[in-house]
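Residue numbers (the working numbering): 2 to 146.
Quick reminder that beta carbons are idealized off the backbone N, C-alpha and C, glycines included.
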């Protein structure tokens with residue numbers, strides 16, 4: 002079975018943010034077809050688009066998975082829901098947010114799933130978190146020339 006190299010970005014700005022990141026990483030690693038390879042150091046970041054909310058704690062996870070992109074997304078969305086994520090305000094406060102940043106070198110633009118994730122190019126902290134893992138070059142691999 003082929004394993005795909007995937008980078009996820011986790012974020013939380015409600016409740017015990019550190020505990021939420023740890024719980025999300027644990028739940029992700031327990032799912033069949035997903036193996037946690039490594040996790041980066043969490044980074045406190047200010048809310049960027051809807052700014053009248055608490056700061057976020059963000060973290061990058063590298064996973065290996067045999068799941069195709071849409072199945073992986075479904076698993077991650079279920080984890081968000083199980084952890085109390087309620088989608089009321091776009092870009093609003095959340096107990097947990099799990100984005101698929103990069104799935105191998107796949108480019109995909111469909112409703113609900115865009116690979117690579119737009120935050121790879123629009124949120125400077127994402128590159129900073131990837132650089133901490135020695136993977137800052139990954140964003141460059143998708144740049145349009």
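Considering only C-alpha positions, which residue in the set the options is nearest to residue i?
i           : options               : result
residue 22  : 7, 35, 4 and 41       : 41
residue 62  : 139, 138, 130 and 141 : 130
residue 96  : 6, 5, 24 and 50       : 24
residue 114 : 74, 125 and 139       : 74
residue 109 : 141, 70, 11 and 81    : 70
residue 83  : 139, 107 and 29       : 29
Please classify residue i: does DSSP put it in a helix, a strand, or coil?
i           : result
residue 105 : coil
residue 80  : helix
residue 128 : helix
residue 121 : helix
residue 1   : The shown model of the chain, from 2 to 146, leaves out residue 1, and the question about it has no answer.
Can you tell me which residues form a DSSP beta bridge with residue i?
i           : result
residue 110 : 115
residue 100 : 10
One question on the structure: do residue i and residue j come within less than 7 Å of each other, judged by their Cβ atoms?
i           : j           : result
residue 102 : residue 8   : yes
residue 60  : residue 33  : no
residue 125 : residue 14  : no
residue 57  : residue 66  : no
residue 99  : residue 134 : no
residue 64  : residue 37  : yes
Extract the residue ranges of the beta strand (DSSP E) inside the region 2-74, only unbroken runs of 3 or more that lie entirely within it.
5-13, 35-40, 44-46 and 57-66
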